[in-house]
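Worksheet: one structure, shown below.
Residue numbers (the working numbering): 151 to 288.
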């Protein structure tokens, strides 16, 4: 395992361990996705979008980015595994990727239409998906 991978794994473990047990599952997932009570924290999500753009021009950066986003997905999945879900038939890997994909996609759209895709609106959309997924009965 490379130094970069070890560092990313430690970071993900710290993020998951840091989450307050008093938070709801939705709140934990939102924090892992970069949504906090303050819009000032959204640069975390923007960083992923910038990293994705840089990964297209540098093979080395692409490798690190791939590892980082996989670790991010693992952290979201780990949070999902920590709580009983009503929708226990859905693949947790897929669910975590859906949350990350929506988060990054909305942030990408906000670059072009910031008046439409406000922080509050993006948080509302992601929260809606999370709650539908974790509460969905099969």
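Backbone N, C-alpha and C fix where the C-beta goes; we use that ideal spot for every residue, glycine too. Keep in mind that this is a model prediction, so the values were computed, not measured.
*Can the beta-carbon of residue 250 be found less than 8 angstroms from the beta-carbon of residue 175?*
Position 100 of the chain shown, counted from the start, is the residue given in the question as residue 250. Position 25 of the chain shown, counted from the start, is the residue given in the question as residue 175. No; because the gap between Cβ atoms is not below 8 angstroms, this pair is not in contact.
*Within 8 angstroms, strictly: CB atoms of residue 184 and residue 253*: Taking the chain shown and counting its residues from 1, the one referred to as residue 184 is at position 34. Taking the chain shown and counting its residues from 1, the one referred to as residue 253 is at position 103. Taking 8 angstroms as the Cβ cut-off, residue 184 and residue 253 qualify as a contacting pair.
*If you draw a straight line from the alpha carbon of residue 265 to that of residue 170, how long is it in whole angstroms?*
As a position in the chain shown, residue 265 is number 115, starting the count at 1. As a position in the chain shown, residue 170 is number 20, starting the count at 1. Here the C-alpha atom of residue 265 lies approximately 32 angstroms from the C-alpha atom of residue 170.
*Label residue 270 either buried or exposed according to how many other C-beta atoms from any shown protein chain fall within 10 Å of its C-beta, with 16 as the threshold for buried.*
Locating residue 270 in the chain shown gives position 120, where the first residue counts as 1. Note on residue 270: under 16 other CB atoms within 10 angstroms of its CB, so exposed under the neighbour-count rule.
*If we count the other Cβ atoms within 10 Å of its Cβ and call it buried at 16 or more, is residue 210 buried or exposed?*
To locate residue 210, count along the chain shown from 1; it is residue 60. Answer is exposed; the Cβ neighbour count stays below 16.
*Looking at the unbroken alpha helix (DSSP H) that takes in residue 181, where does it start and where does it end?*
Residue numbering aside, residue 181 sits at position 31 when the chain shown is read from its first letter. Secondary structure note for residue 181: its alpha helix (DSSP H) is the uninterrupted segment 175-182.
*For residue 217 versus residue 182, is the C-beta distance shorter than 8 angstroms?*
As a position in the chain shown, residue 217 is number 67, starting the count at 1. As a position in the chain shown, residue 182 is number 32, starting the count at 1. Contact: no.
*Starting from residue 248 and walking both ways along the alpha helix (DSSP H), at which residues does that stretch end?*
Taking the first residue of the chain shown as position 1, residue 248 is located at position 98. First-last of the alpha helix (DSSP H) with residue 248: 242-260.
*Nearest neighbour of residue 186, chosen from 227, 277, 208 [CA to CA]*: By 1-based counting over the chain shown, the position of residue 186 is 36. Here the closest residue by C-alpha is 277.
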